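S.K.: Just so we're aligned: the sequence shown equals residues 957 to 1079 in my numbering.
The C-beta atom is built at its ideal place from N, Cα and C for all residues, glycine as well.
Please read all numbers here as calculations on a predicted model, not as lab measurements.
To start, I am sharing the structure in question, which I have written as structure tokens.
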Amino acid sequence: MEIENPAARAAIVPPPMRRAKFAIGQVVKHRVYPFRGVIFDVDPVFSNTEEWLASIPEEVRPRRDQPFYHLLAENAQNTYVAYVSEQNLLPDETGKPVSHPQVPHFFKELKRGHYVSRDRALH
């Protein structure tokens, strides 16, 4: 016979997952820094290295318990892949395409400010 211990069971329950505010294919911009990009993947909670997180100054370090987004990003000088917390993103309302060279690998086209995912299962 198993004795139920509610306190022990509660201790192993993972924190609740928040629903992602942004979607794959959505064009977003950073709340503070001058870059924008298209979302190509979402982590429901922080899923990067401890070194990455520690490299961010503590006073602006994002919380772990929120969605994090993988972006094909661009600024005035470069294109790159960015990993950004939900708290630091805003919708990009410009309607302009993202010029990252990997956009065609993930998306077919830009329709009304949102990229349509490429069905890579058929390729």
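Counting Cβ pairs, one atom from each stretch, are 3 or more of them under 8 Å apart for the region 1047-1065 and the region 1022-1033?
M.R.: yes
S.K.: Output the boundary residues of the beta strand (DSSP E) element that contains Phe991.
M.R.: Residue numbering aside, residue 991 sits at position 35 when the sequence shown is read from its first letter. It is not in any beta strand (DSSP E) - Phe991 carries neither H nor E in the DSSP assignment.
S.K.: Count Cβ pairs between the region 984-1002 and the region 1032-1042 that sit closer than 8 Å; are there 3 or more?
M.R.: Contact between the region 984-1002 and the region 1032-1042 is present, because at least three Cβ pairs lie under 8 Å.
S.K.: Contact defined as beta carbons within less than 8 Å: I believe Pro1047 pairs with Val984. What is the distance between those atoms, to the nearest angstrom?
M.R.: Counted from its first residue, the sequence shown places residue 1047 at position 91. Counted from its first residue, the sequence shown places residue 984 at position 28. Yes, they are in contact, since the Cβ atoms of Pro1047 and Val984 sit about 6 Å apart, within 8 Å.
S.K.: Look at Ile995 and Ile980 and say whether their C-beta atoms are less than 8 Å apart.
M.R.: The residue labelled residue 995 in the question sits at position 39 within the sequence shown. The residue labelled residue 980 in the question sits at position 24 within the sequence shown. Yes, they are a contact pair.
S.K.: Taking DSSP as the reference, what is the three-state secondary structure of Phe1062?
M.R.: By one-based count along the sequence shown, residue 1062 stands at place 106. Annotated three-state conformation of Phe1062 is helix, per DSSP.
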